[in-house]
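Here is the structure we will look at.
Residue numbers (my numbering): 69 to 235.
Put into structure tokens, the structure is as follows:
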């Protein structure tokens, strides 16, 4: 419990520091169609960080329904699965960090909404209240979009897809 409280205090302090260090960043979000949509409240107690698809060093955190950009310290990059900043070697390509925010409904209902990653057959996204959360299948399995499960590669029939984030 103490570790969670320390993590929350650290994240809050970092967000507040980033908000003051980058005053124009807040208005910057509305200019891009990929800016994350923040639900009015989270079901979990720990805030969720959302990777920035254009910058491995940054992520977004929701604060009172508004997305604030969070920057990792120099030499570190944001790791979406671990939800923390890690050494730079962990950042592979911008496409690996891509998150299709606009593909998720604001509420899920009882159905689990998921979809394939645009470039990696082992990756997929699960929607949680408007956010696309990255997930990875176990080794040798590919995401099967028809069944919405990790499956044998021959059954998932995934062909490598390529996406460029920069025209």
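Yeah, the Cβ is synthetic: ideal placement off N, Cα and C, and Gly gets one too. Predicted model, so just to flag it, every value in this text is computed and none were measured.
Roughly how many angstroms lie between the CA atoms of residue i and residue j, to the nearest whole one?
{"i": "residue 183", "j": "residue 226", "result": "13 Å"}
{"i": "residue 191", "j": "residue 203", "result": "6 Å"}
{"i": "residue 147", "j": "residue 217", "result": "23 Å"}
{"i": "residue 126", "j": "residue 205", "result": "25 Å"}
{"i": "residue 137", "j": "residue 215", "result": "35 Å"}
{"i": "residue 152", "j": "residue 211", "result": "25 Å"}
{"i": "residue 117", "j": "residue 139", "result": "11 Å"}
{"i": "residue 219", "j": "residue 150", "result": "24 Å"}
{"i": "residue 144", "j": "residue 221", "result": "33 Å"}
{"i": "residue 188", "j": "residue 123", "result": "19 Å"}
{"i": "residue 195", "j": "residue 155", "result": "27 Å"}
{"i": "residue 142", "j": "residue 223", "result": "43 Å"}
{"i": "residue 200", "j": "residue 208", "result": "23 Å"}
Per DSSP, residue i is paired with what?
{"i": "residue 203", "result": "192"}
{"i": "residue 155", "result": "144"}
{"i": "residue 212", "result": "217"}
{"i": "residue 118", "result": "128"}
From the DSSP output, in three-state form, read off residue i for me.
{"i": "residue 224", "result": "helix"}
{"i": "residue 125", "result": "coil"}
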